[in-house]
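Number of protein chains: 4
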Amino acid sequence: MNDSGNSVAVGFIGLGVMGTPMSSHLHRAGHRLTLHDRDHAAAHALAARLGGNAVAVDTPLEVARRSDVVITMLPNGDVVRDVVFDESGLAAGLRRGALLVDTSSSEPWLTRETATQLSEQGVAMLDAPVSGAQWGAEAAQLVFMVGGASADLETARPLLACMGPSIFHLGPLGCGHAMKCINNLITALTLTATAEGLVMGKRFGLDPQAMLEVMNASTSMSWISRTHIESRILSRKFDDPFKLELMLKDMGIANELARDVQVSAPLAALGQALWLAASRAAGPGASISELVRWVERQNGCEITPGHAPAPVKGSDERA
Amino acid sequence: MNDSGNSVAVGFIGLGVMGTPMSSHLHRAGHRLTLHDRDHAAAHALAARLGGNAVAVDTPLEVARRSDVVITMLPNGDVVRDVVFDESGLAAGLRRGALLVDTSSSEPWLTRETATQLSEQGVAMLDAPVSGAQWGAEAAQLVFMVGGASADLETARPLLACMGPSIFHLGPLGCGHAMKCINNLITALTLTATAEGLVMGKRFGLDPQAMLEVMNASTSMSWISRTHIESRILSRKFDDPFKLELMLKDMGIANELARDVQVSAPLAALGQALWLAASRAAGPGASISELVRWVERQNGCEITPGHAPAPVKGSDERA
Amino acid sequence: MNDSGNSVAVGFIGLGVMGTPMSSHLHRAGHRLTLHDRDHAAAHALAARLGGNAVAVDTPLEVARRSDVVITMLPNGDVVRDVVFDESGLAAGLRRGALLVDTSSSEPWLTRETATQLSEQGVAMLDAPVSGAQWGAEAAQLVFMVGGASADLETARPLLACMGPSIFHLGPLGCGHAMKCINNLITALTLTATAEGLVMGKRFGLDPQAMLEVMNASTSMSWISRTHIESRILSRKFDDPFKLELMLKDMGIANELARDVQVSAPLAALGQALWLAASRAAGPGASISELVRWVERQNGCEITPGHAPAPVKGSDERA
Amino acid sequence: MNDSGNSVAVGFIGLGVMGTPMSSHLHRAGHRLTLHDRDHAAAHALAARLGGNAVAVDTPLEVARRSDVVITMLPNGDVVRDVVFDESGLAAGLRRGALLVDTSSSEPWLTRETATQLSEQGVAMLDAPVSGAQWGAEAAQLVFMVGGASADLETARPLLACMGPSIFHLGPLGCGHAMKCINNLITALTLTATAEGLVMGKRFGLDPQAMLEVMNASTSMSWISRTHIESRILSRKFDDPFKLELMLKDMGIANELARDVQVSAPLAALGQALWLAASRAAGPGASISELVRWVERQNGCEITPGHAPAPVKGSDERA
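Protein chains in written order, with the working numbering: chain A, 616 to 934; chain B, 616 to 934; chain C, 616 to 934; chain D, 616 to 934.
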């Protein structure tokens with residue numbers, strides 16, 4: 616039983632680096648868990664580790680039958696659809712009045728389609744993707760971006776609160792997933808702008824380390840300038856855990872969403888084309904830091920600390 | 616005499632909303648001031664107000680003759696050149712070993728030309744534009760972005776320290792002025808990206824107030840999201856004191872600087888074209904907030920708090 | 616009987632301004648026609664006008680049952696799918712060995728889906744969209760852009776040749792529809808570039824009429840400069856029959872196709888965003904000429920013949 | 616004496632691959648020539664070859680003293696300024712009423728500065744850059760883009776007509792040089808758009824040879840599609856004689872001109888950034904064809920004739 620005395624029957628599907636700590640926090644708060652992952656052994660191991668009030672089952676259908684609220688944390692919206700609508704999927708087992716909370720990073724339009732179908736059988740849905748990554752999941756410090764009906768959010772709120780204190784209600788269903796992509800789009804554009812600025816400065820003779828200090832004390836400060844540039848770029852590690860391909864996917868979703876509502880966003884459109892070129896150059900599995908490397912290589916200049924000699928105008932140096 | 620016991624003969628040219636508090640801080644620290652402004656009355660009034668150790672003169676030449684270090688805070692690099700090289704300009708009066716510190720927002724290449732000419736008569740130069748605006752000048756909290764020789768910066772440092780604690784050495788001469796423009800370029804691109812993201816969210820049905828809260832808790836956080844959007848845009852005041860024309864001018868300098876050192880910066884190039892269109896639409900004297908209004912008008916959508924009904928795909932609503 | 620002595624049983628679906636003259640040319644060449652349009656009266660009237668060897672029927676299914684080759688000329692790929700797969704659609708009636716030739720401007724991926732399904736019942740498909748518009752259809756001067764198997768093209772060639780002499784085989788199925796969109800994308804970008812060039816010239820003081828003559832005698836010559844600018848823009852008629860919305864739709868298809876095959880096309884991506892803004896400003900039903908008007912309005916300058924006084928740099932004139 | 620019975624004393628400065636045939640045509644038409652090139656031997660050799668009515672001199676000053684009209688064909692506007700204003704330059708020798716015709720590709724603002732200074736001594740100026748390259752110069756088929764006063768053009772017209780039949784009057788002084796850059800800007804953007812379209816088609820599975828045939832029969836036809844793509848790109852020769860660096864320089868002039876008159880041209884701005892990246896990758900001396908190679912390499916795809924297998928979505932192939 617949790618602090619408020621209400622133990623909820625919660626299903627949790629998707630037990631990777633995010634889902635494992637998230638479900639553990641729910642269990643610690645006293646909720647009764649039914650766990651599932653397509654890696655059955657992983658689910659059973661987690662259930663064993665958690666002990667009482669946690670069981671593992673081998674299909675989403677069994678999760679649905681045992682739960683009032685089901686939380687999904689899956690790779691993308693297509694996987695969510697499969698988990699809901701496959702033969703042994705959630706839809707076949709969720710009872711009228713149940714609630715599905717999708718914390719994956721899904722496409723807003725897939726979310727709306729799924730929710731529309733579920734609503735026909737009296738099942739509600741929220742989209743609640745997260746910011747904070749693995750660290751946030753482990754520390755119960757996730758930020759939730761929620762789309763859906765306010766009443767459904769009130770049902771889910773005590774559960775979400777076990778995993779993170781910041782719960783923002785963006786709007787109707789799909790708006791959480793939209794926010795996730797828009798947030799990443801703006802992040803990607805800020806990184807691109809910052810990389811362009813650093814490269815032009817470096818080639819003109821400025822010290823990137825000093826540039827960064829100015830930026831962090833001035834109007835071009837951003838999460839990117841504060842946390843990414845020094846530790847990932849100036850260090851030449853290029854090792855941000857956020858994958859370039861996922862960022863590019865989210866930029867694509869945001870741009871498609873913009874076109875759907877007839878919003879002209881020229882910077883966002885160009886940004887996606889640049890990230891696609893960077894993605895091709897970097898190959899699969901690359902970090903978002905590789906976008907900066909791509910800007911460097913296009914311009915034959917590395918953003919290393921120290922003054923570069925100002926290149927002679929018209930010089931023939933090349934990438 | 617100041618704390619370190621060294622009272623310097625300082626000339627200060629340009630006594631507007633920035634120069635007046637800046638020179639007052641220097642006076643308070645015990646330095647002997649020679650003041651000049653093309654509005655002679657203003658200079659004399661300030662000298663009278665400061666009292667002992669401050670005199671006003673009517674030409675830059677007289678400033679030069681009485682000073683070891685001259686500080687300029689003028690509208691742009693062309694005005695600086697005139698003040699230095701006009702008939703009764705600084706150049707005619709500066710003695711060998713003197714130092715000129717230009718805190719204006721000048722073009723880096725003009726700065727380098729001016730410095731080259733001054734060096735022939737044994738006069739050194741630093742560029743040291745500021746961030747912090749009027750508030751920073753009044754509170755002695757300016758951020759200085761310095762270009763030039765390290766030895767010259769050590770000469771100037773006690774003086775700059777009277778006006779602000781943050782003094783960053785970016786590189787050789789011109790690098791301070793370059794940093795100022797690059798900082799503003801990145802700020803402008805971040806504002807554009809944020810505006811595009813907010814408009815696509817608003818039209819999709821997200822509440823901009825909630826979007827902003829997510830951004831500020833997540834990776835798309837920036838100085839723009841923290842200080843500009845809520846107070847200037849969501850409030851519908853559009854009243855940032857920073858003028859759109861000045862931002863556009865600095866974007867132009869940064870882009871020209873990039874082309875000079877053969878840096879390809881597509882996002883920056885596009886950004887300048889978009890800001891030029893916004894500037895045409897907004898007219899002279901507009902705030903940088905008008906860039907956001909321009910994005911709104913291009914898309915028939917205002918970033919007002921609250922959920923908009925998701926517009927029907929293919930609807931005929933227009934700007 | 617036609618010249619080669621082979622009269623084919625041809626079905627034709629979609630009898631608008633394109634389909635009516637196209638089917639008439641087929642009839643004149645001696646082919647036996649089964650006609651259908653969702654406006655049944657129009658189909659029956661055309662059959663009556665053509666006389667012997669032409670009958671009208673009221674469902675695609677009946678067309679399929681009476682034809683060896685069925686040609687569709689419909690508004691878009693969704694309508695094609697409905698005509699094929701609806702309850703009384705073509706799929707239910709086409710026999711093994713039949714051929715469907717879609718001359719509509721469809722999305723390449725819809726075309727491939729449709730073809731895959733049809734192939735399961737032994738029916739082949741070609742995509743063969745056209746260039747040449749109403750005039751080309753009436754004059755039997757259409758240009759066909761064909762995707763599909765070579766053998767299927769040889770079956771269709773005598774029929775297509777009745778409607779236009781230019782038949783280009785682009786590649787496998789879907790490549791015709793892809794070509795149509797790519798052609799329109801390049802056309803749209805050329806129009807945008809030309810409009811930008813004309814506006815910058817006009818504001819600098821050049822006579823657009825003389826500019827156009829130079830362009831047509833030089834390397835910036837294009838179909839746009841040869842046929843669109845003088846008659847639609849310099850004349851101030853803005854009345855090109857090609858609709859801006861259709862151009863924008865095709866730009867969107869081409870860009871989506873590019874993303875699907877991981878091609879980074881920054882100019883194309885930006886172009887789509889600009890055309891979307893122009894489309895919003897122009898409203899539904901506008902001509903592609905309105906893109907030029909949008910560029911004019913963004914810049915407070917009309918591309919009218921004659922020298923404009925060169926505007927003073929920094930002037931405050933506005934759109 | 617020429618056909619119209621008027622032999623003019625013409626000076627010609629700059630005797631390279633353009634100037635040599637141009638001056639020869641003037642000589643053939645009966646005009647009296649004074650020739651100069653900084654390669655004195657070349658000028659004397661040409662004079663000897665032409666025979667009577669042609670003399671070579673060793674300074675622009677001597678050209679000026681012997682001529683009523685002086686024609687320059689030089690690398691750029693800076694060289695023109697030097698030839699006019701150097702110690703032994705034209706300005707020192709041109710008499711009141713003389714006319715300078717600059718057929719070089721100069722910056723419009725340099726042209727206006729030069730003309731303003733010359734006008735103080737009663738010397739008129741026209742800018743008359745050419746299209747047609749070496750072939751056009753040799754065949755007397757140049758296209759002249761003229762800026763300046765109509766009366767001055769009437770003075771020059773019989774001379775220009777010896778070198779090419781197409782003489783277009785764009786507007787006041789500088790408008791010829793502006794037209795040259797705008798023409799090249801539009802050409803460059805058309806090439807970029809065409810390259811992007813061909814690469815997306817090729818990767819989707821279209822045959823570039825067939826694509827080109829469709830384009831040339833359709834609305835995306837351009838000088839680029841008609842003359843550049845097949846002979847330079849599909850042939851894999853990449854050997855257009857027009858240099859990428861010169862195109863990039865002209866794009867820069869056109870964009871600067873646009874900014875000077877406050878024209879927002881986003882496609883042009885982005886285009887310049889892309890060409891700069893291509894120029895860096897290609898190195899000095901590269902042909903404009905290398906822009907296409909750069910687009911190919913960004914996308915891991917060569918525009919070779921033939922169908923490519925449609926790449927699998929999400930494949931890991933890279934540039």
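For each residue, glycine too, the CB sits at the ideal point set by N, CA and C.
Can you name, in chain order, every residue of its own chain whose Cβ lies under 7 Å from the Cβ of residue i, other than the five neighbours on each side?
i	result
A:L889	T807
A:C916	V814, K817 and R818
D:T635	L661
C:L906	L806, T807, A810, L859, W890 and A893
According to DSSP, is residue i helix, strand or coil?
i	result
C:S719	coil
A:D931	Interpretation of A:D931 is limited by its pLDDT of 37, a score under 50 that renders its predicted location unreliable; the figure taken from the coordinates is listed afterwards. In this structure, A:D931 counts as coil in the three-state DSSP scheme.
D:L821	coil
B:S902	strand
C:I868	helix
D:K852	coil
A:L648	strand
B:T834	coil
B:A880	coil
B:V672	coil
Just to confirm, is the Cβ distance from residue i to residue j under 7 Å?
i	j	result
A:H646	A:V625	yes
B:D855	B:S894	no
D:G791	D:G820	no
A:L885	C:P881	yes
C:L785	D:A825	yes
B:L689	B:L661	no
D:G692	D:E722	yes
B:N798	A:S833	yes
Taking just the CA atoms, how far does residue j sit from residue i?
i	j	result
C:G667	C:A766	30 Å
A:T649	A:A764	25 Å
C:Q756	D:D822	23 Å
D:L641	B:E911	59 Å
B:E702	B:V632	27 Å
B:E932	B:G921	Bear in mind that the predicted position of B:E932 carries a pLDDT of just 39, short of 50, making it too unreliable to give a figure here.
C:M794	C:I782	13 Å
B:G898	B:R851	18 Å
A:N621	A:C777	13 Å
A:E753	C:I868	42 Å
A:R643	A:S879	47 Å
Cutting at 8 Å between CB atoms, please list the residues of its own chain near residue i, excluding the five before and the five after it.
i	result
A:L714	D683, V684, V685, V738, A739, M740, L741, D767, T770 and A771
B:I839	T802, T805, L806 and T809
C:L788	T726, R727, A730, M740, L741, D742, G762, G763 and A764
A:L733	V699, A706, L709, L715, A739 and M740
B:R711	Q736, G737 and V738
Tell me the DSSP bridge mates of residue i?
i	result
A:M815	Bridge partners of A:M815: none, in fact.
A:I686	A:F627 and A:V716
D:I782	D:F759
C:D742	C:D717 and C:G762
Using a Cβ-Cβ cutoff of less than 6 Å, which residues in the same chain neighbour residue i once the five nearest sequence positions on both sides are dropped?
i	result
B:N914	V814
B:T919	none
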